[in-house]
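A short write-up of the structure that comes next.
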Amino acid sequence: MKFCPKCGTIMEKKDGFWKCPKCKHKEVGKEKIVVSEKIEKEKIEVLKQGQSNVYPVVSAICPKCGNGKAYYFSTQTRAGDEAETRFFICTKCGYRWREYE
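In my numbering, the protein residues as written are 96 to 196.
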């Protein structure tokens, strides 16, 4: 899109010329439009199972090794009107156990 330098109207391209329909200004030449965009690729790392643990750490004694810290998460495993089940994973030996309320 090219605008007339005299009156500001959008110019039309006819027969290889840019012509203003309002003031009849005329220009010779080709209008070259260059559009570019730089895209930076970000490296996305994928974690494999066991590489990272996102659970919070709580104080809980492991029944297997006696360690005092465990990862904690809870899930609704029974009916909706019953309490949820709490799961623990020992930070030292990896033993899993659960507690019901």
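Note that the Cβ used here is the ideal one computed from N, Cα and C, for glycine as well.
- Secondary structure remark: continuous beta strand (DSSP E) runs of at least 3 residues inside the segment 110 to 195, in chain order: 112 to 114, 121 to 123, 152 to 154, 164 to 170, 180 to 185, 191 to 194.
- Assigned with DSSP and collapsed to three states, K97 falls in coil, not helix or strand.
- By the Cβ rule, the segment 181 to 192 counts as touching the segment 160 to 167, because three or more pairs are nearer than 8 angstroms.
- One alpha carbon belongs to K143, the other to M96, and they sit about 52 angstroms apart.
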